[in-house]
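This report refers to the structure that appears directly beneath it.
Residue numbers (full-length UniProt numbering): 1 to 196.
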């Protein structure tokens with residue numbers, strides 16, 4: 001491919017980073033493109049008249065960074081989107097990291113039932129580390145005690161099932177029979193001899 005050139009007042013050969021970005025992400029673009037900018041936006045006008053908007057370029061730039069081209073992406077980002085290099089770099093890097101790290105598998109979460117001794121309300125929650133979660137909650141509210149734990153994430157199912165008994169957040173006005181039913185039906189490990 002010959003040098004890609006931004007056509008305009010002073011024809012300008014693209015930097016290596018920008019050229020690599022365009023050739024990688026838009027291999028069929030052609031040899032001659034025009035950078036258009038005004039007070040509000042920048043875009044690339046291709047030789048065939050099609051337009052790559054700033055949003056399209058930003059999306060492609062994130063994909064480009066995900067291919068392992070972070071350093072080049074920062075240079076391209078700075079060139080296309082202005083002089084706020086550190087802000088753009090932080091956003092670009094964060095977005096690329098988020099996109100490249102899939103969310104944790106919900107199947108690794110456990111569901112727990114805790115009771116507030118003062119209010120009698122039952123908390124239906126889930127956590128990937130039950131012992132840490134119980135300790136954290138107990139520090140915030142010393143009246144919470146663990147009732148039962150299930151090594152499966154059915155928190156949303158229980159929230160939906162008892163939606164009519166929801167008081168606030170994850171706290172529900174469950175009867176002793178409700179709690180006993182949940183423990184038996186779903187196979188929770190109970191931490192109390194009897195539900196009081």
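Even for Gly, the Cβ is constructed at its ideal location relative to N, Cα and C.
Using a threshold of 8 angstroms, state whether the C-beta atoms of residue i and residue j are closer than that.
i           : j           : result
residue 130 : residue 191 : no
residue 127 : residue 110 : yes
residue 143 : residue 118 : yes
residue 62  : residue 52  : no
residue 25  : residue 64  : yes
residue 20  : residue 72  : yes
residue 164 : residue 141 : no
Tell me the rounded alpha-carbon separation between residue i and residue j.
i           : j           : result
residue 46  : residue 23  : 13 angstroms
residue 60  : residue 77  : 11 angstroms
residue 181 : residue 120 : 17 angstroms
residue 57  : residue 37  : 13 angstroms
residue 155 : residue 68  : 38 angstroms
residue 189 : residue 123 : 16 angstroms
residue 34  : residue 153 : 53 angstroms
residue 114 : residue 171 : 9 angstroms
residue 160 : residue 70  : 43 angstroms
residue 50  : residue 42  : 14 angstroms
residue 133 : residue 183 : 20 angstroms
residue 125 : residue 16  : 52 angstroms
residue 187 : residue 157 : 14 angstroms
residue 185 : residue 55  : 51 angstroms
residue 108 : residue 18  : 43 angstroms
residue 173 : residue 149 : 18 angstroms
residue 66  : residue 94  : 11 angstroms
residue 166 : residue 74  : 48 angstroms
Mapping DSSP to helix, strand and coil, what is residue i?
i           : result
residue 37  : strand
residue 50  : coil
residue 113 : strand
From the beta carbon of residue i, is the nearest beta carbon of chain C less than 8 angstroms away?
i           : result
residue 153 : No chain C appears in the structure shown, which is made up of a single protein chain.
Ranges of the beta strand (DSSP E) found wholly within the UniProt domain "Bacteriophage T5 Orf172 DNA-binding" (116-186), counting only runs of at least 3: Entirely contained in the UniProt domain "Bacteriophage T5 Orf172 DNA-binding" (116-186), the beta strand (DSSP E) runs reaching 3 residues are, in chain order, 122-127, 144-150, 166-168.
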